[in-house]
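Report on one structure; see the data block that follows.
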Amino acid sequence: MNILEIHDLNVVVDGKKVLHDFNLEIPEKEVHVIFGPNGSGKTSLIFTLLGFPKYRIISGKIYFKGKDITNLPTDERIKMGMGVTFQHPPAIRGVKLGDIVSKISEKNHNLAGREKSLAKKVNFPASFLDRDLNYGFSGGEVKRSEVLQILAQRPEFIMLDEPDSGVDVENLELIGKLINELLEERSGILITHQGYILRYVRTNKAHVIIEGCIACSGAPLETLDHILREGYWWCERCRSIGKEP
Ligand SMILES: Nc1ncnc2c1ncn2[C@@H]1O[C@H](COP(=O)(O)OP(=O)(O)OP(=O)(O)O)[C@@H](O)[C@H]1O
Ligand SMILES: [Mg+2]
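Letter 217 of the sequence shown, counting from 1, is numbered 217 in this note's numbering, and no numbers are missing.
The following block contains the structure:
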């Protein structure tokens with residue numbers, strides 16, 4: 001069974017078309033990696049799946065766990081088991097990281113009260129839990145803060161938007177292994193540019209998004225290798241070939 005199905009989705013944000021006749025199926029317990037140039041629509045895909053109201057669905061359908069969620073509000077989608085680590089999470093003054101972690105982990109009884117040990121897993125001293133969320137955090141610390149929150153939430157379907165960008169080599173190995181462990185028996189989407197995290201995270205399939213639609217799909221490491229060697233021109237070629245009558 002597919003945990004996620006997207007059918008012919010067209011999405012507009014502030015007058016800009018960000019997804020264009022977009023189709024994607026993710027079977028249960030599979031993780032798909034998404035590549036694509038800057039501005040191709042990767043983050044827009046995640047925001048649309050989360051149901052952010054600005055991302056207006058013009059046509060098409062989204063099914064999650066067999067249910068049509070096209071018009072479902074964000075909080076309902078989260079309750080159904082969606083989770084995310086943002087590419088650019090906000091810094092929030094007055095909200096402590098520790099309070100967020102403890103709130104998120106409330107439903108996971110075995111995690112309740114374990115904020116300090118969870119923080120330790122992502123290489124944060126306990127003092128980080130008393131800091132305002134992401135406020136004054138370095139780039140790599142923001143990414144680890146996101147991983148900490150997803151570890152506390154443990155959702156069934158996890159969307160990771162560039163969790164590896166700006167993370168140093170040692171912390172990359174650390175969070176890569178944590179994410180891989182978390183994704184065991186789960187499903188999700190992993191967005192990455194350089195693909196370093198694929199050394200640690202097992203993925204089943206890759207898709208390349210060009211201008212708001214999937215230009216081609218294939219094996220993750222082969223696709224990455226192709227992109228690193230030749231850029232994206234070959235994918236654009238694929239897409240134009242696909243569109244020929
Ligand atoms: N609110 C908005 N108003 C206008 N254009 C927008 C808005 N939000 C996104 N876009 C545009 O939609 C396109 C897709 O953006 P998106 O953030 O999905 O790209 P991305 O593939 O995640 O890129 P990156 O690799 O740089 O993170 C971009 O050209 C972006 O400028
Ligand atoms: Mg993005």
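Where is the CB? At the ideal position from N, CA and C, for every residue including glycine. Given the structure is predicted, the values throughout are model-derived calculations rather than measurements.
With H, G and I counted as helix, E and B as strand and the rest as coil, what does DSSP make of residue i?
i, result
"N262", "Lying before the first or after the last residue shown, residue 262 is absent from the chain, which here runs from 1 to 245."
"I133", "Note that residue 133 is Leu in the sequence shown here, rather than Ile. Strand."
"E230", "helix"
"L72", "coil"
"F124", "coil"
"S117", "helix"
"E181", "helix"
"V169", "helix"
"Y63", "strand"
"G39", "coil"
"G212", "coil"
"N108", "coil"
"R186", "coil"
"F52", "coil"
"Q87", "coil"
"S138", "coil"
"R199", "helix"
"C235", "helix"
Residues bridged to residue i by DSSP?
i, result
"M82", "F157"
"E217", "Per the sequence shown, residue 217 should be read as Ser rather than Glu. H207, per the DSSP bridge assignment."
"I191", "I34 and D161"
"P27", "N2"
"I57", "V11"
"K103", "Answer is none; K103 lacks a bridge partner."
"I92", "L133"
"F22", "L9"
"K16", "V13"
Please confirm whether residue i and residue j have their CB atoms less than 8 Å apart.
i, j, result
"L190", "L160", "yes"
"L45", "L19", "yes"
"L72", "H207", "no"
"N171", "G140", "yes"
"D164", "T192", "yes"
"I62", "T74", "no"
"F157", "L9", "no"
"G81", "P27", "no"
"V268", "L178", "Outside the shown range of the chain (1 to 245) lies residue 268, about which nothing can therefore be said."
"I150", "L182", "yes"
"D132", "I92", "yes"
"Y200", "N180", "yes"
Could you check whether the Cβ of residue i sits closer than 7 Å to any heavy atom belonging to ligand 3?
i, result
"D161", "Ligands in the displayed structure: ligand 1 and ligand 2; ligand 3 is not one of them."
Residues near ligand 1, CB to any non-hydrogen atom under 5 Å, in chain order?
-> V13, D14, K16, V18, N38, G39, S40, G41, K42, T43 and S44
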